[in-house]
Every structure is written in structure tokens, then in C-alpha cells.
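Worksheet for the structure shown next.
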Amino acid sequence: MMMFKTGILLDSLRTDLDDALAFAAETGVSGVQIYASPHEMSSMKIDLQEAEILKKKVQRYGLELSALCGDLGGHGFEREDENPEKIVKTKKIIDFAVELGIRIITTHIGVVSETDAEHNTVMQDALRKICSYAQRAGVFIAVETGPERSEVLKKFIVETGERNLKVNFDPANLVMVQGEDPAEAVRILRDYIVYTHAKDGRMVKKCNPEEIYGAFADGNPAGINFDDYFVELPLGRGDVNFPEYLKTLDDIGYTGYLTIEREAGDRRKKDVVEGISFLEKITGI
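In our numbering, the protein residues as written are 605 to 889.
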């Protein structure tokens, strides 16, 4: 029996918080991941009372707050002129996480370049400031996999040199964007994985990750049809080899969350319920 916990990224459900928490509790998962609210990011002020109310509400449902999604949108930390404001906002998100008792913040940082060291340095400088602040609070900053190959991400993390800069492993992103084998990627990133998203998908044809993620960041002004390149699918229906992938996670000693994320489709709750059953059959949870 594998020792993972199952969870749900509540934003996947596209419903209000109370309904999402009630649904999560009914499914029997251990925890939930939430997004840092727009209010918290825009006001630059942490409402401690609001954090306490949220924490107690989650506990009443018998759930754990597994992680906080701290995405700020746009191009991550790629643009030097935008980073001072994003660093301040991320520090506020870290403060909010601490008040909620959360120790993992997942985020997209931008696309790590294989050739442009100057581009990477801009991101690394921002992340060093963020990680230094998070380290004092006992918080991990977990970079979500996907835009770059796992070896490139590992090199970037090592060069950044921050002990609490870790990985949120999303196997579907690696399959859809890079065509990479998730099990092999786990072996490469084994020392950095502190969280995972359980997601599935399929690559339709090779894409330019910088072009695709840039289009996401800019609102897709060129009208790229993303379905021409990849498609996200319910767990077990894509090209992620979950038995092999989960065995590899188990082999490296990972005992954290498999947090189901469903970003597409019009039957998300049903997909999540079926996804939980799918994971249980493989892991014996």
C-alpha cells in the first residue's frame, strides 16, 4: 500500500467555497488546495480574522489545507520591471499561508530557458528574495513542472541555491508540453518534490513552450488553438502512465499529496470522483 494522501484543488470545481468543501468532505479526501484570493493579492493586507475563519471552516469539514496556490498570472517572474510588485504580493501570500497553517505554496514562475542565462537570472533574483522571506516563515516555494524539461528545471533550482525552492510535480504538464516520461522526471527531480497535482493529458503535436505559455500570459491575442497541441483529460484517459509514475513516487519515498486538478470539461465533479477511485485502485489508499 502506498502512503500518499489524496486531495482536490478546489478551483477545479468551479463552485463556491462551502459547496466545494462539502463536496470534498463527501469524497473522503484528506485535504484541499486553495488559491490565494484576489482580495488578498490586491489589498496587500492580511485579514487575520478572515484567515482564522477559513481555517476553522476547513477543519469543520474534517479536511486539511494541503497547499496554497500563489500564482500571480502573467509571465511569472520573467519580467524584471514587474518583479518588485510581484515580490511584495508573494510575500503577502506567504504571510497568509502562515496564518492558515500552510507550509507549501505552489506557483508558475515562467519558462526556464535552456539558452538565455540572462532571462533565467531575472527569475532567480526574484526567487531568491521570495525564498529568503519564505524560509524564515518555514514555507516551501514549489515550482510547477511543465514549461521546461525536468533536467532544465533541476539545473535552474540548483543554480538558484535556495533550500526551500522545491517542485510541485504535475505529470500531465510534462506529457502535454514536453512529451516527457513522468516516472523518469520524478527520478530526476526526486530531491525537490514536495507536492503533486494528479492530472492527465495528451500531447497532440509538439509546441514551442515559450510561445504557448506566453499566449496564456497575454490572453492569447494571436488566437492560438491550444487543442491543436495538447488536451487535458480525466485521470486514466490520457498518456500519463499512472501505475509506473506512482510507483516511482513511492520508490523515492514521497508520502505527500496527490491533489486532483481538473482544468477542462463540463463534468468536473464527476471527473474528480472517478479520479479518486482511479487513484485508490492503483495505490490501495
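Note that beta-carbon positions come from the ideal geometry of N, C-alpha and C, so glycine has one too. Model, not experiment: these values are computed from the prediction.
Problem set entry | Extent of the continuous beta strand (DSSP E) run through glycine 818 | Stepping through the sequence shown from its first residue, residue 818 is reached at position 214. From DSSP, glycine 818 is part of no beta strand (DSSP E) but of the alpha helix (DSSP H) over 813 to 822.
Exercise. Which of helix, strand or coil does DSSP assign to glutamate 836?
Worked result: On the sequence shown, position 232 is the one that residue 836 refers to. In the structure shown, glutamate 836 sits in a strand (DSSP, three-state: E or B).
Problem set entry | Coarse secondary structure for methionine 780, derived from DSSP in three states | The sequence position of residue 780 within the sequence shown is 176, counting from 1. In the displayed model, methionine 780 falls within a helix according to three-state DSSP.
Exercise. Excluding five sequence neighbours on each side, which residues of the same chain lie with their C-beta closer than 6 Å to the C-beta of alanine 751?
Worked result: Working through the sequence shown from its first residue, we reach residue 751 at position 147. Checking the displayed sequence, the identity of residue 751 turns out to be proline instead of alanine. Counting only Cβ-Cβ distances below 6 Å, and skipping sequence neighbours, we find Val715, Pro813, Tyr817.
For this session: Decide yes or no for the touch test of the stretch 682 to 691 against the stretch 703 to 712: beta carbon pairs closer than 8 Å, at least 3 of them.
Result: Contact between the stretch 682 to 691 and the stretch 703 to 712 is absent: fewer than three C-beta pairs spanning the two stretches fall below 8 Å.
Exercise. Under the three-state reduction of DSSP, which class applies to glutamate 703: helix, strand or coil?
Worked result: Position 99 of the sequence shown, counted from the first residue, corresponds to residue 703. DSSP places glutamate 703 in helix when its eight states are reduced to three.
Problem set entry | Sufficient close CB pairs (3 or more, under 8 Å) joining the stretch 827 to 835 to the stretch 791 to 800 | Counting Cβ pairs under 8 Å, fewer than three are found: no touch.
Exercise. Should the stretch 737 to 754 be called in touch with the stretch 685 to 705, which here means at least 3 C-beta pairs below 8 Å?
Worked result: Short answer: they touch.
Problem set entry | Segment contact, 8 Å Cβ cut-off, at least three pairs: the stretch 749 to 768 with the stretch 718 to 731 | Because the criterion of three Cβ pairs below 8 Å is met, the stretch 749 to 768 and the stretch 718 to 731 touch.
For this session: Rounded to whole angstroms, what's the CA-CA distance from alanine 721 to glycine 783? Just pull it up for me.
Result: Along the sequence shown, read from residue 1 onward, the residue named residue 721 stands at position 117. Along the sequence shown, read from residue 1 onward, the residue named residue 783 stands at position 179. Approximately 24 Å, taken between the alpha carbons.
Exercise. For alanine 821, which residues from the same chain have a beta carbon less than 6 Å from its beta carbon, with the 5 sequence-adjacent residues on both sides left out?
Worked result: Within the sequence shown, the letter at position 217 stands for residue 821. Result list for alanine 821: Gly678, His679, in chain order.
For this session: For glycine 635, count neighbouring Cβ atoms within 10 angstroms of its own Cβ and tell me buried if that reaches 16, exposed if not.
Result: For the purposes of this step, residue 635 is taken as the residue at position 31 of the sequence shown. Around the beta carbon of glycine 635, 16 or more other beta carbons lie within 10 angstroms, which makes this residue buried.
Problem set entry | Between the CA atoms of leucine 613 and glycine 674 - distance to the nearest angstrom | Translated into positions along the sequence shown, residue 674 becomes position 70. Translated into positions along the sequence shown, residue 613 becomes position 9. Using only the alpha carbons, I get a separation of about 13 Å.
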